[in-house]
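A.B. asks: Please read through the structure below; I'll follow up with questions.
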Amino acid sequence: MTTSNEAGYAATREVITRFYRAIELADIPLLRTAVTSDWEYVPGASGQPIGVEQLAPMLADLLHALPDMKIILLDVLIHDAMVGVRAKITGTQSGPFMGIPATSKAVDFAIHSFHELRDDRIAKTWHLEDWLGLFRQIGELPPGLANRPA
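Residues 218 to 367 (our numbering) make up the sequence shown, in order.
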């Protein structure tokens, strides 16, 4: 017999898995099935929330840079309507990324996210990537960052 807590956990785990699969594939229709219509994505850099429409071109660029990209969920911590995710992205930088030409180097870098759920969908996402770790593996910083004063 499945308890309501187990069913709720399974539903939450499924929507989180679907979300990261959509990101991995840059599949916007699939992403829309995992998030609310007013979903907000809050990247660490700007702190300004964006929605699905603004994220779509960024995902397309990421998939072009890492066409074999995989997202591996390492930890999914569920507490009521909040979900913490520790994951990693692997792939090969086969296309330009943030102004860095393709290097054909394998990459493996961390991502961390917190998601707020509403009505069995993700309503808000706070997300950070380990870009410095990625740039170290590629062996180059994006143009404009390399010559910036500290």
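Think of the CB as a built atom: it goes at the ideal place given N, C-alpha and C, for glycine as much as any other residue.
Locate the beta strand (DSSP E) running through residue 320, then write down its first and last residues.
C.D. replies: Run containing residue 320: none; DSSP gives neither H nor E here.
A.B. asks: Using a Cβ-Cβ distance under 8 Å, would residue 292 count as near chain C?
C.D. replies: The structure shown contains no chain C; it is built from a single protein chain.
A.B. asks: I'd like the list of long-range same chain contacts for residue 288, defined as Cβ closer than 7 Å, with 5 residues on each side in sequence excluded.
C.D. replies: Correct list, in chain order: 237, 240, 241, 304, 306.
A.B. asks: So if DSSP puts residue 339 in a beta bridge, which residue, or which two residues, is it bridged to?
C.D. replies: BP columns for residue 339 point to 252, 334.
A.B. asks: Is residue 227 helix, strand or coil by DSSP?
C.D. replies: In the structure shown, residue 227 sits in a helix (DSSP, three-state: H, G or I).
A.B. asks: Could you name each continuous alpha helix (DSSP H) segment of 4 residues or more that falls completely within the segment 255-327, going from the start of the chain to the end?
C.D. replies: Here the runs fully enclosed are 269-282.
A.B. asks: By Cβ distance below 6 Å, which residues in the same chain neighbour residue 276 in space, the five residues on each side in sequence not counted?
C.D. replies: These residues qualify, in order along the chain: 243.
A.B. asks: What first and last residue would you give for the alpha helix (DSSP H) that runs through residue 351?
C.D. replies: From DSSP, the alpha helix (DSSP H) with residue 351 extends over 348-355.
A.B. asks: What number of angstroms, rounded off, separates the C-alpha of residue 319 from the C-alpha of residue 250?
C.D. replies: Rounded to the nearest angstrom, the two C-alpha atoms are 32 Å apart.
A.B. asks: Does the beta-carbon distance from residue 300 to residue 332 come in below 8 Å?
C.D. replies: A contact, by the Cβ cut-off of 8 Å.
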